[in-house]
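What follows is one structure encoded as structure tokens, with my remarks underneath.
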Amino acid sequence: MTLRRKTNPLWGLIVFAVALILLARALGVIPDALYDLIVRAAPALLILAGAAFILQERVPLGSLIALVVSLAIVGGIAYVAYSTRSNQVSEETRQPISQAVTPDLTLLRVRIGTLATAVDIISGAAGSITGEFVGSADNRIDVNYEQLPDNSATLTLSESEADAFPRLETLGRGRLSLSLPVGVPLDIEYVGAEGVVLNMSDTRLERLNVTAGSGDVVITLPEYDPLYSQDDELLGTLTAQQGDLAIFIPASVAARLELDSTGRPQYDPDLYNYLIDGDVLESRQIAVAAITVRYAIVVPNGQIRLEVPGA
């Protein structure tokens, strides 16, 4: 009588998968970061072997269950590891930013696009743009400055990463600090995954558009009457998708803020009216004020706070 030897197809599948991974790696199909993750996950084969041995003859489809459990453990640990690293500030790269501007500049357009980087913009010295990017080894800021014949200029700052699937060691949040020249009319647009702090108190702010994917947005508007816009013209949209938005407006500036939010804003009712019909915060002095501004504010998942310093 011949006894058939029991075989487990799981091990054949594992050998096939390992051979396929090595071949793909040799052909350059698997990027370095993904291969690094696979190598780090290799000890999970010991978990798989132990679970398969325990469950093989005790539970129906024991090998399949062992495989699912092993993959779940690897996925959970990888998620925790990458989430932890991505929330830490990385300082492996320090990239200075410096750009001279002409004294007769009529308008400076600033276009900022970042990834997991907190941005802080303030007014600085006349005649120059300065700043610094601090982030992971795989990330950098591409800086482009173009001056046009009409004496206006555009500064573009775009964050990029070397690999779409970054290595664990290179993960981390960045910081971008930027100082803009005082005395130059500014048109600022920020689009990023993190929150932003914009202290525009000493600037000639013409327009401002902000889109933050997560994190809080803090904006300080200047005591300045935009030259290139009509009094009732919308000067921009300020968006905090997954955070709070705080806006500081000088007492001499009367603002009309058109809100798109699920919560009731925080404000001083002696200084501003909250018009429920239309969801608008409007200065009580807007009809007589010398300086008026109008912005749209979008905060679908957070709180809007309006402060009037010194009032």
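Just so it is clear: in the sequence shown, position 23 is 20 by this note's numbering, and no numbers are missing.
Don't be surprised by glycine CBs; every beta carbon is placed ideally from N, CA and C.
Given the structure is predicted, the values throughout are model-derived calculations rather than measurements.
(message) Just verifying my parser: in three-state terms, what is the DSSP assignment at VAL65?
(response) Shown here, VAL65 sits in a helix according to DSSP, grouped into three states.
(message) I need the DSSP call for LEU112, collapsed to helix, strand or coil.
(response) coil
(message) Once the 5 residues before and after GLY299 are set aside, which same chain residues still bring their CB inside 6 Å of it?
(response) Excluding residues within five positions, the ones whose Cβ falls inside 6 Å are ALA237, GLY240 and ASP241.
(message) I'd like the span of the beta strand (DSSP E) that includes GLU279, first residue to last.
(response) Here the beta strand (DSSP E) through GLU279 covers 277 to 280.
(request) Quick one: grab the DSSP three-state call for ALA23. (result) ALA23 falls in the helix class under three-state DSSP.
(request) Would you kindly check if the distance between the Cβ of GLY192 and the Cβ of GLY212 is under 9 Å? (result) Their beta carbons are under 9 Å apart, which means GLY212 touches GLY192 by this criterion.
(request) Tell me whether LEU17 sits in a helix, a strand or coil according to DSSP, three-state version. (result) helix
(request) Report the rounded CA-to-CA distance for GLU279 versus ALA115, giving the unit in angstroms. (result) In this structure, the CA atom of GLU279 is about 30 Å from the CA atom of ALA115.
(message) Here's the rule I'm using: 16 or more other beta-carbon atoms within 10 Å means buried, otherwise exposed. How should LEU0 be labelled?
(response) Caution applies to LEU0, whose pLDDT of 47 falls short of 50 and renders its modelled position unreliable; the value that the coordinates give is listed next. A residue is called buried when at least 16 other Cβ atoms come within 10 angstroms of its Cβ; LEU0 does not meet this threshold and is exposed.
(request) Kindly indicate which residue of ASP222, LEU272, VAL188 and VAL296 has the alpha-carbon position closest to the one of ASP257. (result) VAL296
(request) Kindly indicate the opening and closing residues of the beta strand (DSSP E) around PRO178. (result) 171 to 178
(request) Using the Cα positions of MET(-2) and ALA16, report the straight-line distance between them to the nearest angstrom. (result) Caution is warranted here: a pLDDT of 46 is assigned to MET(-2), below 50, making its placement in the model unreliable, and the coordinate value is therefore given only provisionally. Whole-angstrom Cα-Cα distance: 37 Å.
(request) Would you check if there are 3 or more beta carbon pairs closer than 8 Å linking the stretch 148 to 155 to the stretch 199 to 208? (result) Segments in contact, no.
(request) Using DSSP bridges, identify the partner residues of GLN96. (result) ILE126
(request) Compute the distance between the beta-carbons of SER249 and ALA286, then report whether it is under 9 Å. (result) yes
(message) Using only the alpha-carbon positions, how far apart do SER226 and GLU203 sit?
(response) 8 Å
(request) Could you have a look at ALA209 and say whether DSSP puts it in helix, strand or coil? (result) strand
(message) Between VAL107, THR127, GLU186 and ASN141, which has its C-alpha nearest LEU235's C-alpha?
(response) GLU186
(request) Return the residue from the list GLU156, ASP135 and ALA209 that minimises the CA-CA distance to ASN141. (result) GLU156
(request) Consult DSSP for LEU224 and reduce its assignment to one of helix, strand or coil. (result) coil
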